[in-house]
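Chains as they are written, first to last, in the working numbering: chain A, 375 to 975; chain B, -8 to 246.
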Amino acid sequence: MDEARVGVFICHCGSNIAGFLDVPALIDYAQTLPHVVFAQDNMYTCADAGRAQIVKGITEHDLNRVVVASCTPRTHEPLFRSTCQQAGLNPYLFEFVNIRDQCSWVHMQERERATAKAKDLLRMGVARAVLLEPKESIEVEVVPAALVIGAGVAGLSAALNLAKRGFEVKLVEREPEMGGLLRGVHRLYPTGDDARAFIEARVEAAKGHPNIEVFTGAEVRDVRGFVGNYEVVVGQGEREFGFSVGAIIVATGAKELKPVGMYSYGVNPLVVAQSELEAMLERDWRLEVRDWRLEIGGQRPTSNFQHPTSNIQLPTSNFQTVVMIQCVGARDEARPYCSRICCMTAVKNALLIKEADPEAQVYVLYRDMLTLGAEYEGLYREARGRGVNFIQYRPQSPPTVQDGKVMVYDELLGQTLGIPCDLVVLSTPLVSQADAANLAQMLKVPVDEHGFFLEAHVKLRPLDFATDGIFLCGCAHWPADVGESVAQAYGAAARASILLGKGAVQVEPIISVVDEEKCIGCGLCETVCPYKAIVLRSPSFPPQVGGDEGGAGRKAQTIAASCKGCGVCGAGCPEMAISMQHFTDQQLFAQIDALAVEIMA
Amino acid sequence: MTETVEFEPRILGFLCNWCSYAGADLAGVSRFQYPPTLRVIRVMCSGRVDPAFVLRAFSRGIDGVMILGCHPGDCHYATGNYYARNRVKVLKRLLELAGVNPDRLVLDWVSAGEGKRFATLVHDFTERIKALGPFGLAQDREELQERLAAARRVVESEQIRWLVGREREMIEGGDVYGQAVSQETFDALLESSVVAEYLRSRLLLLTAGRPLSVREMASEVGMAPRLVLPHVVALEQAGLIAMVGIEGNSPKYRS
């Protein structure tokens, strides 16, 4: 290889980097580093203009290494690699220096020290860049089939899309019936569609589609392999099924928090969860409440009932009165997130109650109403117009349920209200599946602190996991309503079909290479490799499959398509005979030494 | 005291691509602030971290090293972090033998969702290193380098790499005779091997330039001559050192 000619491109990222680091000082500094022949700053290196500058730099300055200092390789390395390729430079001669996510954003009050850190990182990056070697990607075949985990509205929508696109789909649902959460919902906002009919149509379509194989009452027991070639074991009671798929979509959904112990839920039958109201709305709920009251021998609170602590008395309706309490068990310390669907669910159910009985009184006690967009906000207004009462409470003075009524301190009136009522409905958040972490571990994908699956990037790859070939949609990711879940499912199916449709995929040539001169054939690497990607065999044995029958003179060999590049073998080889491509000992030592230069000086 | 307040630790971090590096990015996205003391090298897996990397960092004067991987059971490569754990166990013992406070090295786990935890770990480790002070200042630099060089010989030795690589298999699956080995037995074996290998490496390096008697070697390593003698014999039998003369009654050896 010719002598290294490194070009350094430092991104302002608008003010995300330049607002907190001294970019001109970084440029000056980069120019002093060995082998750097060109350094430039860009407002946005990832934008068309920025990438054009990289191409221009490579051409005009005859660069054979490119270093970009900007956000993070986890999102932008592929983009800059392809830019290098455009200019005729091997993409593996590109090095990323993370000065945003791991520098400017985390040292926002320390311009000087953060700039000093960025200089160190630049020096380390350039030192590694100099030692980078050109590599060719490895092509592996893709099995044109997908596994969809979860047959709720998201999973069903994703499965049907892939099936219609012509791919074989394995759809796994752990409940005996498909349909997920929607099986327990009465009507859908904002259209008022019958939820049961809506989901049944999709269940039937999936059952009848020749490309979809459905496993109900089943769970995923094992997943191995890699993008394009996942080996899956699905268990259905005693029976087990094994198959290969190229892509996996996680659509395992969420469940409603049961508000046990809150507002006397579980003790008082007149306190129900929103999902239970859905079931009641489907039947004649008014009769039901009356029956319950008779059952417990309770009396409807009489007119003009005055609670000793309440300042204002609301007239008791002769008709049914329902009080809904929002954010029950949500947006608190245990579950600080907003579940996003509960406000609209309350508005929708309030309207349904009003529709069935215009004289019924509905109170919605809320912290903040989240009714996004024109359509949802329109429904909220309609509810107000029809006389649904919205009363704001503060988290530090939440409502209380006692003696057939709800007490609440009304922020606007500055008074405590006592609302006699027939039914209290608690709006609780969706929570992650209790065993989501198990599945996550099997798939080697992350979950967040609340147990929801975590995407690769919130804006750039919202439906992908960082692990190639695995995608997500619906409430497994975050509470979403039906429209959002379906949109995500279509997106995830589209993402998966890019991969499945190509037939082959390029995997990174970050693999181990054995120096046969040094290898003594001890087989330690074979022992530690989790992918059986390195095997002992006679040097003459064809390097496609398995080990040979044994015997003396054997050497370790890497099976390139199976090697995932972790480097466990290289870091443990007793003879230092294994080199990890693109993360070689020399490259890593160079980074360490480059950091130490300042210390030694 | 003022000196420790001014001291800005220089910490090297090895972060795995899939969990801890992603967790560090999430700390950034969430704007969790932490001290600007850490310099990160991204590796695909914590199992990629050769113990020699860590010793190189210390021999170059870096104040502390963090190795952060996926939580046990969560490793993107299934088992890489277990090997990291085994290697760090040996490294910490070797640092101790070499007179380096093993607290200057930490192995911990950060998932892709744990931005806050990452920031806290960096903050806490920075505080720890600040309390320990700059690395290598109080000690004789040359001797420290030689001790670290001996430690490096150990982590690069066939015997120790073999033992560390086989730990999982020997405890879970058994040794070459199919006998399962208990964790205690394995740890005792590893301990005696590490201590012996370290001492022999020291002796080899000590006698590289100048012939020394057993008594002189013992005084250099701060041990009783009768404890050093068997290792000298073993090295001589292996042909790694040779007697090059006799001074008074003492034979002198050179590697």
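Don't be surprised by glycine CBs; every beta carbon is placed ideally from N, CA and C.
Predicted model, so just to flag it, every value in this text is computed and none were measured.
Subject >> Listed by chain order, chain A residues near residue 35/B by CB distance under 7 Å >> reply: Taking the second sequence and counting its residues from 1, one reaches residue 35/B at position 44. Residue 35/B reaches chain A at 884, 939, 940, 941 and 957, counting residues in chain order whose Cβ is nearer than 7 Å.
Original post:
Cβ of residue 79/B less than 9 Å from any chain A Cβ?
Top reply: Start at 1 with the first residue of the second sequence, and residue 79/B comes out as number 88. Not one chain A Cβ lies under 9 Å of residue 79/B.
Original post:
From the beta carbon of residue 24/B, is the nearest beta carbon of chain A less than 9 Å away?
Top reply: If you number the second sequence from 1, residue 24/B lands on position 33. So yes, residue 24/B belongs to the interface.
**OP:** Report the residue ranges of all beta strand (DSSP E) runs contained in full by the stretch 73 to 123 of chain B; include only those spanning at least 3 residues, in chain order.
**Re:** Counting only unbroken stretches of 3 or more residues, the beta strand (DSSP E) elements lying wholly within the stretch 73 to 123 of chain B are 96 to 100, in sequence order.
**OP:** Identify, in the order they occur along the chain, each residue of the same chain with its Cβ nearer than 6 Å to the Cβ of residue 530/A, setting aside the five sequence neighbours on each side.
**Re:** The sequence position of residue 530/A within the first sequence is 156, counting from 1. Once the five neighbours on either side are set aside, the close Cβ partners of residue 530/A are 576 and 580.
**OP:** Determine, using beta carbons only, whether residue 245/B and residue 209/B come nearer to each other than 9 Å.
**Re:** For the purposes of this step, residue 245/B is identified with residue 254 of the second sequence, where counting begins at 1. For the purposes of this step, residue 209/B is identified with residue 218 of the second sequence, where counting begins at 1. Contact: no.
Original post:
Are any of the Cβ atoms in chain B nearer than 9 Å to that of residue 474/A?
Top reply: Numbered from 1 along the first sequence, position 100 holds the residue referred to as residue 474/A. Yes, because at least one Cβ of chain B sits closer than 9 Å to the Cβ of residue 474/A.
Original post:
Any idea which residues DSSP pairs residue 771/A with across the strands?
Top reply: Residue 771/A sits at position 397 when you count from the first residue of the first sequence. Answer is 768/A, bridged to residue 771/A.
**OP:** For residue 878/A, count neighbouring Cβ atoms within 10 angstroms of its own Cβ and tell me buried if that reaches 16, exposed if not.
**Re:** To locate residue 878/A, count along the first sequence from 1; it is residue 504. Burial call: exposed.
Original post:
How would you list, in chain order, the residues of chain B whose beta-carbon sits under 9 Å from the beta-carbon of residue 447/A?
Top reply: Translated into the one-based positions of the first sequence, residue 447/A becomes position 73. Going along chain B in sequence order, the residues near residue 447/A (Cβ under 9 Å) are 8, 12 and 33.
Original post:
Who are residue 242/B's beta bridge partners in DSSP?
Top reply: Numbered from its first residue, the second sequence carries residue 242/B at position 251. When beta bridges are read from the DSSP output, residue 242/B appears opposite 237/B.
Original post:
So residue 627/A and residue 524/A are in contact, right, with Cβ under 8 Å, and what is the actual spacing, rounded?
Top reply: The residue you call residue 627/A lines up with position 253 of the first sequence. The residue you call residue 524/A lines up with position 150 of the first sequence. Between residue 524/A and residue 627/A the Cβ distance is about 6 Å, and since that is below 8 Å, they are a contact.
Subject >> Residue range of the unbroken alpha helix (DSSP H) whose run includes residue 427/A >> reply: Counted from its first residue, the first sequence places residue 427/A at position 53. Note, residue 427/A: alpha helix (DSSP H), 422 to 435.
Original post:
Taking C-alpha atoms, which residue in 557/A, 561/A and 566/A lies nearest to residue 574/A?
Top reply: Within the first sequence, numbered from 1, the residue matching residue 574/A stands at position 200. Check the Cα spacing between residue 574/A and each of 557/A, 561/A and 566/A: the tightest is with 557/A.
Original post:
Within 9 Å (strictly less), CB to CB, does residue 832/A reach chain B?
Top reply: As a first step, residue 832/A must be located in the first sequence, where it is residue number 458. At least one chain B Cβ lies under 9 Å of residue 832/A.
**OP:** Determine the chain A residues that contact residue 114/B at a beta-carbon separation under 9 Å, and present them in chain order.
**Re:** Taking the first residue of the second sequence as 1, we reach residue 114/B at position 123. Listed along the chain, the chain A residues whose CB falls inside 9 Å of the CB of residue 114/B amount to none; the nearest CB is some 11 Å away.
Subject >> Same chain, Cβ closer than 6 Å to residue 539/A, neighbours up to 5 away in sequence not counted >> reply: Here residue 539/A corresponds to residue number 165 of the first sequence, with the count starting at 1. Cβ within range, chain order: 871.
Original post:
Mind checking if residue 491/A is an interface residue toward chain B, Cβ cutoff 9 Å exclusive?
Top reply: Taking the first sequence and counting its residues from 1, one reaches residue 491/A at position 117. Yes, residue 491/A counts as interfacial toward chain B.
**OP:** Output the boundary residues of the beta strand (DSSP E) element that contains residue 603/A.
**Re:** Here residue 603/A corresponds to residue number 229 of the first sequence, with the count starting at 1. Note, residue 603/A: beta strand (DSSP E), 603 to 610.
Original post:
Candidates 594/A, 602/A and 726/A: which alpha carbon is nearest residue 608/A's?
Top reply: The residue given as residue 608/A occupies position 234 in the first sequence. With distances taken between Cα atoms, residue 608/A lies closest to 594/A.
**OP:** Name, going along the chain, the residues of the stretch 854 to 887 of chain A whose beta-carbon falls closer than 7 Å to a beta-carbon of chain B.
**Re:** If the cut-off is 7 Å between Cβ atoms, the stretch 854 to 887 of chain A has 884 near chain B.
Original post:
Counting along the chain, where does the alpha helix (DSSP H) carrying residue 723/A start and finish?
Top reply: Residue mapping note: residue 723/A aligns to position 349 of the first sequence, counting from 1. DSSP places residue 723/A in the uninterrupted alpha helix (DSSP H) bounded by 716 to 730.
Original post:
Does residue 187/B get closer than 9 Å to chain A when you measure Cβ to Cβ?
Top reply: Position 196 of the second sequence, counted from the start, is the residue given in the question as residue 187/B. Not one chain A Cβ lies under 9 Å of residue 187/B.
Subject >> residue 170/B (DSSP reduced to helix, strand or coil) >> reply: What you label residue 170/B is simply residue 179 of the second sequence in a count that begins at 1. Residue 170/B: coil per DSSP, three-state reduction.
Subject >> Run of the alpha helix (DSSP H) containing residue 449/A, from where it starts to where it stops >> reply: In the first sequence, counting from the first residue as 1, residue 449/A sits at position 75. Start and end: 447 to 460.
Original post:
Short check: CB of residue 471/A to CB of residue 431/A, under 9 Å?
Top reply: By one-based count along the first sequence, residue 471/A stands at place 97. By one-based count along the first sequence, residue 431/A stands at place 57. It is not a contact, given that the beta carbons lie outside the stated cut-off.
Subject >> Beta-carbon separation (whole angstroms), residue 765/A vs residue 739/A, contact threshold 8 Å >> reply: In the first sequence, the residue the question calls residue 765/A occupies position 391. In the first sequence, the residue the question calls residue 739/A occupies position 365. At roughly 5 Å, the Cβ-Cβ gap stays under 8 Å, so residue 765/A and residue 739/A are in contact.
**OP:** Taking residue 2/B and residue 81/B to be in contact with their CB atoms under 8 Å, please state how far apart those CB atoms are, rounded to whole angstroms.
**Re:** Taking the first residue of the second sequence as position 1, residue 2/B is located at position 11. Taking the first residue of the second sequence as position 1, residue 81/B is located at position 90. That pair is no contact at about 21 Å.
Subject >> Buried/exposed call for residue 769/A, threshold 16 Cβ in 10 Å >> reply: Start at 1 with the first residue of the first sequence, and residue 769/A comes out as number 395. Flag for residue 769/A reads exposed.
Subject >> Min CB distance residue 814/A to chain B below 9 Å >> reply: Taking the first residue of the first sequence as 1, we reach residue 814/A at position 440. It does; some Cβ of chain B falls within 9 Å.
Original post:
Which residues in the same chain have their Cβ closer than 7 Å to the Cβ of residue 190/B, if we skip the five residues on either side of it in sequence?
Top reply: Within the second sequence, the letter at position 199 stands for residue 190/B. Answer for residue 190/B: 212 and 222, listed in chain order.
Original post:
Which residues mark the beginning and the end of the alpha helix (DSSP H) in which residue 520/A is found?
Top reply: For this step, residue 520/A is matched to residue 146 along the first sequence. Following the DSSP letters along the chain, one finds residue 520/A in no alpha helix (DSSP H) but inside the beta strand (DSSP E) bounded by residues 519 to 523.
Subject >> Proximal residues of chain B, C-beta to C-beta of residue 495/A below 7 Å >> reply: Locating residue 495/A in the first sequence gives position 121, where the first residue counts as 1. Here the neighbours are 30.
**OP:** Count the other C-beta atoms from every protein chain shown that fall within 10 angstroms of the C-beta of residue 406/A, then say buried if there are 16 or more, exposed otherwise.
**Re:** The sequence position of residue 406/A within the first sequence is 32, counting from 1. Residue 406/A comes out exposed.
Original post:
What does a CB cutoff of less than 6 Å around residue 28/B pick up in its chain, not counting 5 residues either side in sequence?
Top reply: Taking the second sequence and counting its residues from 1, the one referred to as residue 28/B is at position 37. The residues are 0, 2 and 117.
Subject >> From 842/A, 656/A and 855/A, residue whose alpha carbon lies closest to that of residue 361/A >> reply: Since the first residue shown for chain A is 375 and the last is 975, residue 361/A is missing from the structure and cannot be characterised.
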